[in-house]
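Single-structure report; data block below.
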Amino acid sequence: MHKFIIGLMFLGLASCSTKNSVSRQKESNYFKYFHEGVRFQLTGDYQKAIEAFEKSLKEEPNDDAAAYGIALSLEKQNQAGAAIEYMQRACNADPKNSYYKFHLAKLYQTTGDFQKAAQLQESLIAFFPGNEQLYFDAAMNYASAKNAKKALKILNTLGGKYGNSPDLVLYQYNILLKVDPNSAKGIELLEKASREFPNDPGILSYLIDHYMARGNYTKGTELLEKLVLADPSNALANLLLGDLSLDAGKKERAFSYYKQAIKGEGLSAKTITETFIKMKETWLTDKEIGTLMANCEVDFPKDPLIYSLLGDFHYAKKDIATTINYYKKAVELNPDLNAIWNELLLLEFETEDWESLKNDARKVIELYPLSPIGFYMAGTALNRSGEFTFAKSTLEEGLFLIVNDDQLKGEFKAQLAEAAFGTLDSKTGMNLFEEALKLAPNNNYILNRYFTSALFKLKDLKKARELHETIIKSETNENRKKFRLAQISFIEKKYQEALTLAQSIDMSSSNYRDVLELQGDLFFFLNKKEEAVKQWKQAKSNGKKSIILDQKITTGNYHEPL
């Protein structure tokens with residue numbers, strides 16, 4: 074075969090030798106079919122490559138290159154058994170071609186004919202005595218063929234030529250293990266090797282597995298500690314030591330090992346996430362935790378578990394905006410994270426980000442059309458945005474899905490009541506709030522929403538006071554109590570009294586942004602408009618989000634709530 078053909082066959086066909094018997098004319102059928110086969114092989118059309126090479130073989134039955142081309146194409150189609158026949162033909166056609174023999178041994182191994190694979194590899198050792206991998210491969214194939222004696226003999230030959238080594242010991246151990254999983258000779262071999270190679274990670278790892286599997290945790294732990302000294306970046310060893318230390322009640326030591334494990338390589342995102350959760354109590358005190366988590370974001374840029382973890386971490390730090398950002402990334406990567414969706418919707422609800430809540434709740438409805446939570450959150454956001462008609466239809470659809478949950482039904486009814494008030498249907502609104510309280514009589518969220526509607530929509534001071542008295546029976550929060558009383562005084566036009574109450578509310582109160590807005594309203598009616606706008610702006614900067622607040626700031630005037 075011409076040598077320029079050899080250059081075309083870089084998928085293994087480079088090993089072909091020249092054949093003087095083949096016509097050197099480019100127009101010959103042999104060249105035509107052979108070139109076709111090479112071209113089809115390069116483009117991955119292996120069946121057509123086989124057909125072309127077969128035509129080439131008809132022109133020259135003893136051609137090794139065409140036979141090899143067929144074998145390679147069959148192998149690419151996971152037909153190793155069929156490939157053997159053609160690889161053998163290639164070997165017979167060119168007995169000196171060692172590459173063919175290497176490949177034939179690989180095919181025998183793939184099909185489970187370990188004895189033939191080993192014999193072929195052993196025969197190659199004579200030609201490549203410096204190829205240590207050949208010894209190892211031949212030995213393991215003999216072992217797989219249950220010929221341990223022959224396998225060990227080959228490894229002993231290797232050891233005699235080049236001396237003992239950790240790799241050689243481990244191959245010998247694995248062969249002994251194939252013969253007898255409880256081989257005493259195997260553990261003796263490892264123990265002896267550990268004295269010769271005291272810091273070899275491979276030998277230490279095998280010894281650790283041996284002792285741990287047999288319940289000798291004292292010896293196993295001792296060797297683990299030795300292993301992490303020899304190989305500090307061994308993530309699994311550090312992780313196991315961390316678990317053992319945690320089980321022993323040595324938290325500080327455990328967390329040190331866990332951090333070292335996370336710095337290592339090879340741990341999955343799931344394992345890393347679980348490891349960080351084990352250290353959750355240190356999230357706010359250990360400055361290194363934040364850095365390690367940030368590194369995980371770099372190492373796993375497309376893993377939703379890592380983004381969920383980062384969201385949890387920033388939530389613990391009370392950085393809600395960053396928490397929301399990470400949760401959003403998590404569900405973008407894997408929309409089927411129901412728990413994260415629920416957390417995300419709740420945070421958007423708590424931060425009054427109604428636009429984001431509307432959009433994300435709709436996504437949840439699409440993903441989980443039989444779950445009421447998406448409908449509830451979407452309906453609530455639509456109410457807060459003044460889209461009362463859409464809120465009503467969304468909430469009614471979600472209400473239909475609720476089974477055996479009166480508390481949730483009550484909250485749906487309360488939102489439907491707000492939608493009714495928004496469309497100026499006060500009678501329906503009142504009736505729906507009453508229905509909500511029958512379903513969930515002690516639900517303070519419903520009571521507070523009813524209180525707000527009674528006070529600001531109906532201006533019904535009697536009903537508002539009645540609801541306030543009901544709420545304080547179970548609520549111990551003095552700040553919220555003062556806030557409701559300030560709202561009542563506001564409706565009564567007792568502006569100074571209301572302002573005094575509002576200003577006495579602790580700034581750490583969870584609803585302080587609402588307090589600031591109320592203070593702005595009160596300053597407005599006390600003819601202190603500049604101070605009013607200042608308070609409204611402060612409410613917005615504290616996270617208050619509403620169309621009405623924006624209108625107050627823009628116009629400098631008071632506007633009734635939606």
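In my numbering, the protein residues as written are 74 to 635. Think of the CB as a built atom: it goes at the ideal place given N, C-alpha and C, for glycine as much as any other residue.
Taking all protein chains shown into account, decide if residue i is buried (16 or more other Cβ within 10 angstroms of its Cβ) or exposed.
i    : result
V95  : Per-residue confidence for V95 stands at a pLDDT of 42, beneath the threshold of 50, marking its modelled position as unreliable; the derived number appears in the next sentence. V95 comes out buried.
P305 : exposed
P254 : exposed
G629 : exposed
E100 : Confidence at E100 is low in this model, with a pLDDT of 42, below 50, so the placement of that residue should be treated as unreliable; the coordinate-derived value is given next. Result: exposed.
M580 : exposed
K222 : exposed
Q192 : buried
R287 : exposed
F386 : buried
K169 : exposed
Q576 : exposed
T627 : exposed
I350 : exposed
Y246 : buried
A139 : buried
F200 : exposed
A20  : The question about residue 20 has no answer here: the residues shown for the chain are numbered 74 through 635.
N307 : buried
R522 : buried
Are the CB atoms of residue j and residue i within a distance shorter than 8 angstroms?
i    : j    : result
S619 : R435 : no
Y244 : M213 : yes
S499 : L531 : yes
I561 : A527 : no
F461 : I475 : no
Y441 : L406 : no
A122 : S146 : yes
K617 : E421 : no
L180 : A153 : yes
L418 : D433 : yes
D587 : Y631 : no
L591 : F563 : yes
A492 : F506 : no
Where residue i and residue j are concerned, what is the direct C-alpha to C-alpha distance, given to the nearest angstrom?
i    : j    : result
G117 : F270 : 47 angstroms
N398 : M366 : 15 angstroms
K390 : A327 : 23 angstroms
L241 : E295 : 24 angstroms
L510 : E338 : 56 angstroms
V437 : S429 : 12 angstroms
D320 : T346 : 19 angstroms
A427 : I335 : It is Trp, not Ala, that sits at residue 427 in the sequence shown. Approximately 38 angstroms between the Cα atoms of the pair.
N515 : A451 : 24 angstroms
G384 : K401 : 9 angstroms
F104 : F126 : 10 angstroms
I227 : N237 : 13 angstroms
A37  : Y173 : Nothing can be reported for residue 37, as the shown portion of the chain is limited to 74 through 635.
D533 : T525 : 10 angstroms
D359 : I413 : 25 angstroms
A156 : Q194 : 18 angstroms
L520 : I544 : 7 angstroms
D623 : Y331 : 49 angstroms
A403 : K375 : 9 angstroms
T355 : E604 : 43 angstroms
Y215 : K323 : 47 angstroms
G495 : Q569 : 29 angstroms
M352 : A342 : 16 angstroms
Which residue from the options puts its Cα closest to that of residue i?
i    : options                   : result
L197 : L207, Q188 and Y246       : L207
T549 : Q608, K299, D273 and S582 : S582
L309 : K292, A321, E325 and T348 : T348
Y159 : Q182, S171, K169 and N135 : N135
E148 : Y119, E124, A139 and R162 : Y119
Q488 : A156, D479, A464 and L249 : A464
A303 : L314, P274 and S329       : P274
K555 : K567, A571 and Y181       : A571
A513 : E542, L481, N504 and T496 : L481
K219 : P202, L250, G203 and G232 : L250
Could you please give the first and the last residue of the uninterrupted alpha helix (DSSP H) stretch that includes residue i?
i    : result
Y568 : Y568 to Q576
A221 : A221 to Y235
E325 : K324 to K336
M580 : Segment: none, M580 is in no alpha helix (DSSP H) and carries neither H nor E.
Y380 : P377 to A389
D409 : Neither: D409 is in no alpha helix (DSSP H) and is coded neither H nor E.
A163 : A153 to A166
K431 : W427 to L440
Run the proximity test for residue i: is its beta-carbon closer than 7 angstroms to any non-hydrogen atom belonging to the ligand ADP?
i    : result
T395 : In the structure shown, the ligand ADP is absent, as is every other ligand, since no ligand is present at all.
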